[in-house]
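J.: One structure, pasted below without further comment.
Chains as they are written, first to last, in the numbering used here: chain A, 1081 to 1515; chain B, 6 to 329.
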């Protein structure tokens, strides 16, 4: 009786022990997820945890500018909303008095309840040969003029320029409203404004073109073309002029360009029956091999755009494809994120702090962001299948391909996954975002 | 004392006589075979026994003094057992006459299109050697080499069996039938520059299939490639240059799949290389999941055929001499 009860006690204890350790592990995971969420939460400003910005409707001062002014107002609002550098005060709360110029601005109306703005943006559009906008930003508490500028061009462009001016002033960092995204549309590469407008052809030199990647400064665009029958790299200037590329007889893919204008790619040219990472000049000359894993797959290299000293890549050397990193000399190859499943298409944030990547398993992939220093992860997407992330120049936004609408289209969101919006409507994949 | 001595001498003599008698005995050996006339591939049992032997060899190899061994000789063979003792030896031999076996039949079968839309037709083509009867499932007994237009209403595997005096061989071709008219058409695999040799190439060198995220050759793929290598290394075909195109199903990611497709092509190239098909004759290229079922924009509309998507295609490029 005594013996059996002590056995029972030991059994219960043994059963409890693993349970205890599981709970501890879960708490730790929860803890570290809180950390990266907090970190990213401070990057994306939501109403109530940053300054309040009011954006008064701009006024048309010349006849025939009603449509342009309406476009300008919509674009400016959308830019500042997606920028997420301040809380945007809803327009329904604004005073009835129009504010086309500083003389019309009554500070108390904007600082008092219910607007309670810290800043107010306003101005007017006129026609003087072309469309131009006089744009202002005031600090309503100190009654200081922060911006007084004139932008000339089409309504969308000048709204983007003013939005970036405001972001720069409020954060000290460049905005993204004038940036561009290149992507694959069917069998051609197209370029569009960062918000999906002005989609235009860039290159279609081959039966299949894939995997475009801008250089960190946006001066070059490298991609893969099947024009010789075997996939090879093509490098063009941002304007479209041919710069160089590779012309190997073996499968060569996944280009990436360093800050100093070096090319890296994956190729089967080594003859080991493997796909290995190489670096070369932009014209494909001086190819030097960095990895050596017979019968392995090393692919999707991405140069750290901040330092130029590291290359993240995908390797299946330990079984399934995982995210690795190495010095750009090839030294010090090590796993960066190796948590099982299948990973692909890593992408460094321009500030070098984060790597976004595709992670999942057969037919089910999502976008994750890893903090490089701590290795902590957050999941950005959950609707449909989401792949091939690319970072905005501000390291605060991300674009990717998603099939949530029923087919692959390019989408973008804040780096916490919020604010997702669809950019293409007739097919889009493999976005790459440039200044 | 004397008695003891004489007894000792008597014992020594007796032992010496015994040793001398045995030591002088000539060894004997006898060998028998179960059959002295067999067909190639059949077994023959050889047994032998010996007497007074220090060592026994069978066809030069040391064996037990008495024993049995089973052989499958390819040619007429003489089995000789030799028993030795010092300088004395005895031998016994038997001849086993082997008549050559009739050559094994072999058969190849392929379909011009391995995927069709319901209502469409494709042509099955087959050829055999050393066979006097060929049957194909769904078609019954057919000529030993030939072709037939088929229009299966559902995906069908055509199993062809060739029977001859030398045994049987079988091969199969699968025709996948899809409902959708939007299904990606299978590209013609023949090269119009040399249609005869290209068509033969397509019969002998056929697509191999893989498991998900794997580039290891499955046993049935190795078997297919062995047959392919046998044909590719025959004299008229040794100048054939061809391309291996690696493909993946659409469930993996696009960028990695380019690597996986290349690995699949390389795996077949390596295996063919080990069977004597020179690497210089083989080009490889990966299409990743470019040709996977389902539309290129990721729509789930088309019915997927993942196991069909994960394959190496073999494309005739140039060379070879068409048979007259």
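Note that beta-carbon positions come from the ideal geometry of N, C-alpha and C, so glycine has one too.
What is the residue span of the alpha helix (DSSP H) that residue 279 (chain B) lies within?
T.: Along the second chain, one-based indexing puts residue 279 (chain B) at 274. That run of the alpha helix (DSSP H) goes 259 to 279.
J.: Go through its chain and collect everything with a Cβ distance to residue 77 (chain B)'s Cβ below 8 Å, but skip five positions before and after it.
T.: Sequence index remark: in the second chain, residue 77 (chain B) carries index 72 (1-based). Closer than 8 Å at the Cβ level, and outside the excluded window around residue 77 (chain B), lie 46, 47, 48 and 49.
J.: Secondary structure at residue 235 (chain B), three-state DSSP: helix, strand or coil?
T.: Start at 1 with the first residue of the second chain, and residue 235 (chain B) comes out as number 230. The three-state reading of DSSP puts residue 235 (chain B) in helix, counting H, G and I together.
J.: Quick one: does residue 1401 (chain A) have its CB under 8 Å from some CB of chain B?
T.: Residue numbering aside, residue 1401 (chain A) sits at position 321 when the first chain is read from its first letter. It does; some Cβ of chain B falls within 8 Å.
J.: Short check: CB of residue 160 (chain B) to CB of residue 130 (chain B), under 8 Å?
T.: Position 155 of the second chain, counted from the first residue, corresponds to residue 160 (chain B). Position 125 of the second chain, counted from the first residue, corresponds to residue 130 (chain B). No, the pair does not count as a contact, with Cβ atoms beyond the cut-off.
J.: Taking Cβ-Cβ distances shorter than 8 Å, what residues in chain B pair up with residue 1334 (chain A)?
T.: In the first chain, counting from the first residue as 1, residue 1334 (chain A) sits at position 254. The answer, in chain order, is 260 and 263.
J.: How about residue 1461 (chain A) and residue 1447 (chain A): do their beta carbons lie closer than 8 Å?
T.: Translated into positions along the first chain, residue 1461 (chain A) becomes position 381. Translated into positions along the first chain, residue 1447 (chain A) becomes position 367. Their beta carbons are under 8 Å apart, which means residue 1461 (chain A) touches residue 1447 (chain A) by this criterion.
J.: Just the Cα atoms here: how many angstroms apart are residue 168 (chain B) and residue 114 (chain B)?
T.: Counting from 1 along the second chain, the entry for residue 168 (chain B) is found at position 163. Counting from 1 along the second chain, the entry for residue 114 (chain B) is found at position 109. Between residue 168 (chain B) and residue 114 (chain B), the C-alpha separation is close to 15 Å.
J.: Could you tell me the distance, in whole angstroms, from the CA atom of residue 1389 (chain A) to the CA atom of residue 1383 (chain A)?
T.: On the first chain, residue 1389 (chain A) is found 309 positions in, with the first residue counted as 1. On the first chain, residue 1383 (chain A) is found 303 positions in, with the first residue counted as 1. Taking the straight line joining both Cα atoms gives about 8 Å.
J.: Over the uninterrupted beta strand (DSSP E) stretch that includes residue 1360 (chain A), give me the two end residues.
T.: In the first chain, the residue the question calls residue 1360 (chain A) occupies position 280. Here the beta strand (DSSP E) through residue 1360 (chain A) covers 1356 to 1361.
J.: So residue 1490 (chain A) and residue 1479 (chain A) are supposed to be a Cβ contact under 8 Å. How far apart are they, rounded?
T.: For the purposes of this step, residue 1490 (chain A) is taken as the residue at position 410 of the first chain. For the purposes of this step, residue 1479 (chain A) is taken as the residue at position 399 of the first chain. 6 Å between Cβ atoms; contact.
J.: Determine, for residue 1 (chain B), whether the minimum Cβ-Cβ distance to residues of chain A falls below 8 Å.
T.: Beyond the ends of chain B as shown, which are 6 and 329, falls residue 1 (chain B); an answer cannot be given.
J.: List the residues of chain A whose Cβ lies closer than 7 Å to the Cβ of residue 256 (chain B), in chain order.
T.: For the purposes of this step, residue 256 (chain B) is taken as residue 251 along the second chain, with counting starting at 1. Taking a Cβ-Cβ cut-off of 7 Å, the neighbours of residue 256 (chain B) in chain A comprise 1442 and 1443, given in sequence order.
J.: At least one CB of chain B closer than 8 Å to the CB of residue 1311 (chain A): is that the case?
T.: Translated into positions along the first chain, residue 1311 (chain A) becomes position 231. For residue 1311 (chain A), the answer is yes, since a Cβ of chain B falls inside 8 Å of its Cβ.
J.: Check residue 118 (chain B) in the structure and name its three-state DSSP category.
T.: Along the second chain, one-based indexing puts residue 118 (chain B) at 113. In the structure shown, residue 118 (chain B) sits in coil (DSSP, three-state: anything other than H, G, I, E or B).
J.: Could you tell me which of A:1185, A:1130 and A:1508 sits nearest to residue 1136 (chain A), measuring between CA atoms?
T.: Residue mapping note: residue 1136 (chain A) aligns to position 56 of the first chain, counting from 1. The shortest Cα separation from residue 1136 (chain A) among A:1185, A:1130 and A:1508 belongs to A:1185.
J.: Assign residue 1242 (chain A) to one of two classes, buried (16 or more other C-beta atoms within 10 Å of its C-beta) or exposed (fewer than that).
T.: Looking up residue 1242 (chain A) in the first chain gives position 162. Counting Cβ neighbours within 10 Å, residue 1242 (chain A) comes out buried, since at least 16 surround it.
J.: According to a CB-to-CB cut-off of less than 9 Å, which residues of the region 1372 to 1391 of chain A neighbour chain B?
T.: For chain B, the residues of the region 1372 to 1391 of chain A that bring a beta carbon within less than 9 Å of one of its beta carbons are 1375, 1376, 1377, 1378, 1379 and 1380, in chain order.
J.: Cα separation between residue 33 (chain B) and residue 44 (chain B)?
T.: The count along the second chain starts at 1 and reaches residue 33 (chain B) at position 28. The count along the second chain starts at 1 and reaches residue 44 (chain B) at position 39. Approximately 31 Å between the Cα atoms of the pair.
J.: Let me make sure I understand the geometry here. Which of A:1209, A:1428, A:1267 and A:1162 has the alpha-carbon closest to that of residue 1144 (chain A)?
T.: Along the first chain, read from residue 1 onward, the residue named residue 1144 (chain A) stands at position 64. The candidate whose alpha carbon is nearest that of residue 1144 (chain A) is A:1209.
J.: Mind listing the chain A neighbours of residue 244 (chain B)? Cutoff is C-beta to C-beta under 9 Å, in chain order.
T.: Position 239 of the second chain, counting from 1, holds the residue named residue 244 (chain B). Simply none; closest approach about 19 Å.
J.: Is there at least one Cβ from chain A nearer than 8 Å to residue 218 (chain B)'s Cβ?
T.: Numbered from 1 along the second chain, position 213 holds the residue referred to as residue 218 (chain B). So yes, residue 218 (chain B) belongs to the interface.
J.: So, does the CB of residue 1331 (chain A) fall closer than 8 Å to a CB anywhere in chain B?
T.: Mapped onto the first chain, residue 1331 (chain A) falls at position 251. It does; some Cβ of chain B falls within 8 Å.
J.: Residue 212 (chain B) to residue 1465 (chain A), Cα distance in whole Å?
T.: For the purposes of this step, residue 212 (chain B) is taken as the residue at position 207 of the second chain. For the purposes of this step, residue 1465 (chain A) is taken as the residue at position 385 of the first chain. Using only the alpha carbons, I get a separation of about 30 Å.
J.: With which residues is residue 1494 (chain A) paired in a DSSP beta bridge?
T.: Walking along the first chain from the start, residue 1494 (chain A) turns up at place 414. For residue 1494 (chain A), which the question treats as bridged, DSSP gives the partners A:1477.
J.: Can you name the residues of chain B whose CB is closer than 8 Å to the CB of residue 1272 (chain A)?
T.: Here residue 1272 (chain A) refers to the residue found at position 192 when the first chain is read from its first residue. Result: empty, since nearest Cβ-Cβ is about 17 Å, beyond 8 Å.
J.: Can you look up residue 1244 (chain A) in the DSSP assignment and give me helix, strand or coil?
T.: Position 164 of the first chain holds residue 1244 (chain A). DSSP places residue 1244 (chain A) in helix when its eight states are reduced to three.
J.: So residue 1424 (chain A) contacts chain B; which residues on that side make the cut at Cβ distance below 9 Å?
T.: Against the first chain, residue 1424 (chain A) aligns to sequence position 344. By Cβ distance, chain B contributes 257, 258, 259, 260, 261 and 262.
J.: Residues of chain B with a CB under 8 Å from the CB of residue 1146 (chain A): which are they?
T.: Position 66 of the first chain, counted from the start, is the residue given in the question as residue 1146 (chain A). Residues of chain B passing the Cβ test: none, with the nearest at roughly 38 Å.
J.: With 8 Å set as the bound, which would you pick, yes or no: does the beta-carbon of residue 1467 (chain A) sit closer than that to a beta-carbon of chain B?
T.: Taking the first chain and counting its residues from 1, one reaches residue 1467 (chain A) at position 387. Closer than 8 Å to some Cβ of chain B, the Cβ of residue 1467 (chain A) qualifies, so yes.
J.: Counting only Cβ-Cβ distances shorter than 9 Å, please list the residues of the region 275 to 294 of chain B near chain A, keeping chain order.
T.: Those would be 275, 284, 288, 289, 290, 291, 292 and 293, in chain order.
J.: Under 7 Å Cβ to Cβ from residue 178 (chain B), same chain only, skipping five residues before and after it: list those, please.
T.: Walking along the second chain from the start, residue 178 (chain B) turns up at place 173. These residues qualify, in order along the chain: 114, 115, 116, 129 and 163.
J.: With distance defined between alpha-carbon atoms, name the residue in A:1442, A:1509, A:1496 and A:1484 nearest to residue 216 (chain B).
T.: Along the second chain, read from residue 1 onward, the residue named residue 216 (chain B) stands at position 211. Among A:1442, A:1509, A:1496 and A:1484, the Cα nearest to that of residue 216 (chain B) belongs to A:1442.
J.: Could you check what DSSP says for residue 97 (chain B) in three-state terms: helix, strand or coil?
T.: By one-based count along the second chain, residue 97 (chain B) stands at place 92. Three-state result, residue 97 (chain B): strand.
J.: Over the uninterrupted beta strand (DSSP E) stretch that includes residue 1317 (chain A), give me the two end residues.
T.: Taking the first residue of the first chain as position 1, residue 1317 (chain A) is located at position 237. Note, residue 1317 (chain A): beta strand (DSSP E), 1312 to 1317.
J.: For residue 267 (chain B), go through chain D and note every residue whose CB falls closer than 7 Å to its CB, in chain order.
T.: As a matter of chain content, chain D is missing from the structure shown, whose protein chains are A and B.
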